[in-house]
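Position in the sequence shown (from 1) plus 7 gives the number in this note's numbering.
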Amino acid sequence: MRKLVKNEDAFTGLEAAIVLIAFIVVAAVFSYVMLGAGFFATGEAQRTVHTGVGQATSNLEVAGPAIVKAGMSGSAAIVEEIAFFLQLAAGGAPVDMEKVTFTVSTASEMKIYEYGSVTDNWYVNGVEDTSLNDMLDKFESVKITINSGLPSIGPNARFTVEVKPDIGAALPINRIAPADLQADHYYEVY
Numbered sequence: 008m009r010k011l012v013k014n015e016d017a018f019t020g021l022e023a024a025i026v027l028i029a030f031i032v033v034a035a036v037f038s039y040v041m042l043g044a045g046f047f048a049t050g051e052a053q054r055t056v057h058t059g060v061g062q063a064t065s066n067l068e069v070a071g072p073a074i075v076k077a078g079m080s081g082s083a084a085i086v087e088e089i090a091f092f093l094q095l096a097a098g099g100a101p102v103d104m105e106k107v108t109f110t111v112s113t114a115s116e117m118k119i120y121e122y123g124s125v126t127d128n129w130y131v132n133g134v135e136d137t138s139l140n141d142m143l144d145k146f147e148s149v150k151i152t153i154n155s156g157l158p159s160i161g162p163n164a165r166f167t168v169e170v171k172p173d174i175g176a177a178l179p180i181n182r183i184a185p186a187d188l189q190a191d192h193y194y195e196v197y
């Protein structure tokens with residue numbers, strides 16, 4: 008009769024293969040988790056950058072010159088009305104004008120105006136349109152006229168009109184009043 012001898016060589020190879028497969032599975036799970044975290048972080052960074060760019064850039068721009076109307080305050084000539092056109096900047100998102108505020112400031116005084124306290128005239132492709140809503144869209148422009156309670160702006164005085172939309176950066180409009188103001192005359196200021 009033959010004697011059976013135990014040969015465990017094949018069994019050791021099988022154990023090594025199982026351990027190797029376990030390492031490969033753990034490495035695959037670990038890499039999946041790391042890739043998922045990386046994709047999530049990249050997506051969040053991209054969203055943050057887009058939000059930052061949207062808030063840092065202004066969606067509005069001035070279309071043409073600002074126009075002031077001179078008036079009298081006692082015996083001194085002052086600016087009694089400021090008017091300018093606004094339109095969307097290239098690639099800008101529509102702006103809800105009801106949420107826009109206007110700040111008029113000089114070296115010594117500052118006043119804030121809500122959209123409802125200014126006069127507005129709407130234009131589409133250069134033609135006046137009174138049927139529009141208060142959303143400034145592509146191909147539209149709005150003429151803003153501030154004519155009540157302006158700070159005292161005399162001849163050669165610097166003044167700033169700051170247009171502040173609810174989303175995006177404020178648009179400063181820095182101008183200098185004309186050197187010679189005559190009552191009831193209009194002047195373009197740059």
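Beta carbons: idealized from backbone N, C-alpha and C, even for Gly.
Asked                                                                                                                                                                       : Found
Nearest-angstrom Cα distance between residue 104 and residue 140?                                                                                                           : 9 Å
In three-state terms, what does DSSP make of residue 73?                                                                                                                    : strand
DSSP state of residue 131, grouped into three classes?                                                                                                                      : strand
To which residues of the same chain is residue 192 closer than 8 Å at the C-beta, ignoring the five residues directly before and after it?                                  : 76, 77
Does DSSP put residue 122 in a helix, a strand or coil?                                                                                                                     : helix
Can you give me the C-alpha to C-alpha distance between residue 116 and residue 86, rounded to a whole angstrom?                                                            : 14 Å
So, is residue 165 buried or exposed, given that buried needs 16 or more other C-beta atoms within 10 angstroms?                                                            : exposed
Suppose you measure from the CA of residue 167 to the CA of residue 197; what does that come to, to the nearest Å?                                                          : 11 Å
Is the beta carbon of residue 67 closer than 7 Å to that of residue 131?                                                                                                    : no
Measure the alpha-carbon distance for residue 90 versus residue 56 and round it to whole angstroms.                                                                         : 35 Å
Short of 7 Å in beta carbon distance, which residues of its chain neighbour residue 182, apart from the five on each side in sequence? Order them along the chain.          : 73, 166, 196, 197
Just to confirm my understanding: we take residue 161, look at its own chain, exclude 5 residues before and 5 after, and list those with CB closer than 6 Å. What are they? : 85
Could you tell me which of 179, 36, 95, 88 sits nearest to residue 142, measuring between CA atoms?                                                                         : 95
How many angstroms separate the CA atom of residue 69 from the CA atom of residue 92?                                                                                       : 6 Å
Alpha carbon to alpha carbon, what distance is there between residue 152 and residue 129?                                                                                   : 12 Å
Using the rule of at least 16 other Cβ atoms within 10 Å of the residue's Cβ for burial, across every protein chain shown, is residue 184 buried or exposed?                : buried
Starting from residue 212, trace the beta strand (DSSP E) both ways and give me its first and last residue.                                                                 : Because the chain spans 8 through 197 in this model, residue 212 falls outside it and cannot be assessed.
Looking at the structure shown, is residue 116 part of a helix, part of a strand, or coil, going by DSSP?                                                                   : coil
From the DSSP output, in three-state form, read off residue 39 for me.                                                                                                      : helix
Per the DSSP calculation, residue 155 is bridged to which residue(s)?                                                                                                       : Beta-bridge pairing links residue 155 to no other residue.
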